[in-house]
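Here's the structure, in structure tokens; my notes come after.
In our numbering, the protein residues as written are 518 to 1260.
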């Protein structure tokens, strides 16, 4: 039960209300406005000062909520009495802040009844500032503490607070923007009313058409998307499993190189994979020219269509499946496999009846993530799709094309969300309610069972040719950064790197970063470094809550975490613009909106990876720590997190490199002050400056390899107390009887 005081949370809400600036500071108010009680601009002042000095009555409910919550924040009185004060105080404060935000319009306070009662208010535009944001957090945590005292979440304040923070953050940065976009489906079109326009958008034959069954024409974009997503998810999961088995269960000598090669596509900036595939398989590519010269066969433009998009997506998303699966494969207990072999099961029987079923949560989560990634992928279909249309490209053209039909984009996005929901439901049915625990508190000195020969040969046959193809694709694509003009002048040069990353000495001897790419590079690194740990922390916290706690709304929260993942990045960018370009959270053009987009766009991978890893951990580990009077937070920090290091690495690596390489989600959100590396690269490509773009890509790849190595070094390896395979190779000593004789 909750025993500690909630006074620090009350103090946070009090500080935010009485001292910190409540609204975003207006132009001309600098850092001094942080503690400004007498600034000329009242918007730089705290809520308490605005209520006292400027007569703004709408802040009095926030002050009253602080006074109401104070008796519950102090460790005095019964639990029931404290719970009442905390619940009512926290709820009143949070409600007052939300209503204030809803009352703010483009021109300031816009509710007609307020104007009628109190006259014309300031014609100003307000946004939530530091004080308002921290006060909302403080009141939210006071409310969750009160609910814990009432017995919710088994009286655990940490669990209650975690669920509250997750639900609030998902509501603000996921459900609200996605709902804003989906609401566009209700806008009328030309001479059609709301219902007629919605029906026309949802039942469009371009979406559901099946003419391809009877004639050589294209199918509707829904069927194209579904077929592509299913194929991509299946192939990426198979490839990711093969790579994970080779790295963890084989004697392959180049494991580290193979592991690095596997994650290489995930750290690749946009268009590099597509460019490499075109140079190999395109109309004038190496393969086509070779077949034409040797066999007199023209392979045509097959790369532009379903085959090319599928190939590019498998390249792009196999690393995600590998990162999700490798921790699951490593976590399987050798003792279970040894028990199977003790009962005279063959290695193949052990693999199919014991090892593979224990991988099911990882396989299902890897498949789900790859399926949803394929649904929302925009870059590969737009480059290689040709006449093969999918939902994401149709959404893009509906938003930025001549149509400018946000209602059509919303209808397509709604269809995509329904497909993602069905995939999510299918994944839960496949995994079921069976136990997949393979790590308990007991010692485990077993050795991983070597792969059966057929499985090992299959893994080699699938993974190694793919690794070779990966090397060839990158060699072809990156070579353009080291020649003068790709396709015309093959003279080796480093001039592209010099233009991008030039350094000069100033008059005073100071180092000047004069290259055109430095500004976008530094901005991208800073924002990615901020977003990555936040994404990993929220993702793993959500995985722990969803795996270990049972509460109403858990399934809804789990699906809500997938929302931004299931919508194309261009739609998310438009959603953030529509939502956060106005009060109460007017953050468009700032670094905050970019970090928020990175965090909640990449959050689902950390969640799915964490859930897959958590399914292998016995709950008795947490319970034993709590039985020994450790708090829930301490049990999570000292017992669970050390066993989740592969999932931590996955979350950190994915969130960092995705923040460095994403383009579709941020192309509408960047500004002159916060230019991202990917937007800089795309602009160079549009201008035909491929050499500089590829040189920048090569530098980013090297930088992200170093970042991945640093993340692995800082997080470290998970220690499971198992023997290494080297011990198994040592000759066994002869067994002896207790008397010293031979057995």
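Beta carbons: idealized from backbone N, C-alpha and C, even for Gly.
- Taking the Cα of residue 1063 as reference, the smallest distance to any Cα among 1024, 812, 1131 is reached at 1131.
- In summary, residue 933 is buried, with 16 or more beta-carbon neighbours lying within 10 Å of its beta-carbon over all protein chains present.
- Cβ neighbours of residue 947 within its own chain (closer than 8 Å, five residues either side excluded): 877, 881.
- Annotated as proximal: residue 835 and residue 753, with beta-carbon spacing under 8 Å.
- In the pairwise beta carbon analysis, the stretch 797-814 is classified as not touching the stretch 727-746: fewer than three pairs are separated by under 8 Å.
- Around residue 691, the same chain offers 1077, 1080, 1081, 1117 as residues with beta carbons nearer than 7 Å, after the five sequence neighbours per side are excluded.
- With 16 or more other Cβ atoms inside 10 Å of its own Cβ, residue 1075 counts as buried.
- When DSSP states are grouped into helix, strand and coil, residue 1007 belongs to the strand group.
- Per DSSP, the beta bridge partners of residue 1021 are 1029.
- In the three-state reduction of the DSSP assignment, residue 901 falls in the helix class.
- If you draw a 10 Å sphere on the C-beta of residue 1211, you find 16 or more other C-beta atoms in it, and that means buried.
- Per the C-alpha coordinates, the member of 685, 1106, 1050 positioned closest to residue 1232 is 1050.
- The continuous beta strand (DSSP E) containing residue 1002 extends over residues 1000-1002.
- Taking the CA atoms as reference points, residue 1215 sits about 53 Å from residue 663.
- Its chain contains 767 as the residues whose beta carbon lies nearer than 7 Å to that of residue 973, once the 5 sequence neighbours on both sides are disregarded; these appear in chain order.
- Boundaries of the alpha helix (DSSP H) around residue 1171: 1162-1178.
- DSSP, read as helix, strand or coil, puts residue 587 in helix.
- Under the three-state reduction of DSSP output, residue 706 falls in the strand class.
- With a cutoff of 8 Å on beta-carbon distance, residue 715 and residue 724 are scored as not near each other.
- Between residue 727 and residue 666, the C-beta spacing is not below 8 Å.
- Rounded to the nearest whole angstrom, the CA to CA distance from residue 1091 to residue 620 is 23 Å.
- CA-to-CA, the gap between residue 800 and residue 818 works out to about 6 Å.
- With a threshold of 16 other beta carbon atoms within 10 Å, residue 688 falls short and is exposed.
- Spatial neighbours of residue 1106 in its own chain (CB-CB distance under 6 Å, excluding positions within 5 residues in sequence) are listed in chain order as 1188.
- Taking residue 1015 as reference, the option from 1001, 1026, 1007, 1023 with the minimal CA-CA separation is 1001.
- For residue 746, same chain residues with a beta-carbon under 6 Å away, outside a window of 5 residues either side, are 888, 891, 892 in chain order.
- Residue 1134 carries a strand assignment under DSSP once its states are collapsed to helix, strand and coil.
- When the Cα atoms are used, residue 977 and residue 833 turn out to be separated by approximately 20 Å.
- For residue 1180 against residue 1114, the beta-carbon gap comes to about 12 Å, at or over 8 Å, which does not count as contact.
- In summary, residue 1159 is exposed, with fewer than 16 beta-carbon neighbours lying within 10 Å of its beta-carbon over all protein chains present.
- Around the beta-carbon of residue 1006, fewer than 16 other beta-carbon atoms lie within 10 Å, marking it exposed.
- Judged by DSSP secondary structure, residue 844 falls within the alpha helix (DSSP H) whose first and last residues are 823-848.
- Rounded to whole angstroms, the gap between the alpha carbons of residue 1225 and residue 844 is 16 Å.
- DSSP places residue 1089 inside the alpha helix (DSSP H), whose first and last residues are 1086-1097.
- Just measuring C-alpha positions, the residue of 1055, 917, 1213 sitting nearest residue 1011 is 1213.
- Segment contact: the stretch 1189-1198 against the stretch 980-998, fewer than three CB-CB distances shorter than 8 Å; contact not assigned.
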